[in-house]
Structures are given as structure tokens and as C-alpha cells.
Amino acid sequence: MDVRQVVVDHVLFVVADVDACRRLYTAALAPLGYGELAVQEDCVAYGPEDLDDFIICRGEPVTTAAHVAFSADGRDAVDAFFAAAVANGATVRGAPGVWTQYSERYYAAFVNDLHQNNVEAVWHAPEPVADAPRRPGVP
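Following the working numbering, the numbering of the sequence shown begins with 1 at its first residue and continues without gaps.
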């Protein structure tokens with residue numbers, strides 16, 4: 001398996017309702033090991049310990065139609081991300097499964113956040129995943 005190198009230092013989404021978006025992202029990112037690192041009145045920063053890689057801030061114009069993919073440690077984390085996101089206001093874009101157009105090792109789930117941004121959790125399995133739903137196409 002290839003060693004992945006960090007390409008983007010951080011991502012910031014501008015949101016209309018920071019409280020509603022905070023509920024969604026805090027719940028959805030927790031199974032991936034990403035927590036709230038800094039909370040201000042208008043912004044919340046998320047990431048693993050000491051690495052604020054993803055930030056939401058209240059403002060205008062809001063970020064729409066963007067795509068961000070969060071790394072997951074396994075299938076259970078992807079599934080938990082998906083369930084938590086949908087339970088907290090996200091809409092289904094692509095249910096968990098193997099997205100075969102990317103690879104037989106690409107296990108992911110996709111949701112639309114409150115501003116229709118495409119938010120994904122992905123696990124790059126070490127071997128092809130044979131016992132999961134196949135998801136052809138682009139979510």
C-alpha cells in the first residue's frame with residue numbers, strides 16, 4: 001500500500017448556522033477520531049489532537065457544492081460517520097460500500113451537509129473488500 005502524504009494543510013467551510021453545523025460535524029467526525037479542538041463564538045476547529053485540519057465558521061457567502069473526504073481507520077468508522085451525520089441533519093449522497101470506480105479497496109460513505117457540500121469518510125483497505133455492497137458510479 002502506498003504511503004499517503006498530506007497535500008492540503010486545512011479546509012474551512014463558511015456556514016450560516018454554526019450551532020446546527022457544529023452538531024452535525026461534531027457527531028459525524030467523532031467516530032473518525034476527530035474532535036473539537038477550538039471553539040469560538042463563530043468558529044469550531046476539528047481534527048486529531050493538536051491538528052486543526054477542518055474548520056467551520058459563520059459568515060457569508062456560505063460554502064456550497066464543495067467536497068471534503070475524511071480519512072477513516074476502518075469500515076466501522078465509515079459506517080458510524082454515516083449514521084451520525086444522517087442522524088444530525090445530513091442527507092444521504094452515497095451509502096457505505098465499496099466505490100468500485102475508485103478501487104476495490106475504497107470503502108466510503110457520502111453525505112450532503114446542511115449547505116449541500118459533499119462530505120465523505122473513506123477507508124483505504126489493505127486488501128480488496130469482498131463482503132460489502134458494491135457502489136458503481138460517482139456519488
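Don't be surprised by glycine CBs; every beta carbon is placed ideally from N, CA and C. Quick caveat: nothing in here was measured; it's all calculated off a predicted structure.
Residue j beta carbon less than 8 Å from that of residue i
i	j	result
PHE13	ASN117	yes
ALA125	ALA87	no
Beta bridge counterpart(s) of residue i as assigned by DSSP
i	result
GLY47	GLY35
THR91	ASN112
GLY97	ALA108
GLU67	Note that residue 67 is His in the sequence shown here, rather than Glu. DSSP, once it has assigned bridges, lists ASN118 as partnering HIS67.
ARG58	VAL15
Best match in the options for proximity to residue i [C-alpha to C-alpha]
i	options	result
ALA108	ASP131, SER71, VAL18, ALA90	SER71
ASP2	GLU127, LEU51, VAL18	GLU127
LEU114	GLN40, ALA38, VAL68, ALA20	ALA20
ARG75	LEU32, GLN5, PRO61, ALA16	LEU32
VAL18	PHE81, GLY59, ASP73	GLY59
N- and C-terminal bounds of the beta strand (DSSP E) containing residue i
i	result
ALA121	118-124
VAL3	Run containing VAL3: none; DSSP gives neither H nor E here.
Extent of the continuous alpha helix (DSSP H) to which residue i belongs
i	result
ALA20	18-29
Exercise for review: Count the CB pairs spanning the region 51-61 and the region 89-108 that are closer than 8 Å, and state whether there are at least three.
Suggested key: no
Review point. How do the region 77-96 and the region 130-138 stand: do at least 3 beta-carbon pairs fall below 8 Å, yes or no?
Key: Look at the beta carbons and you see the region 77-96 touching the region 130-138: at least three pairs across the two are nearer than 8 Å.
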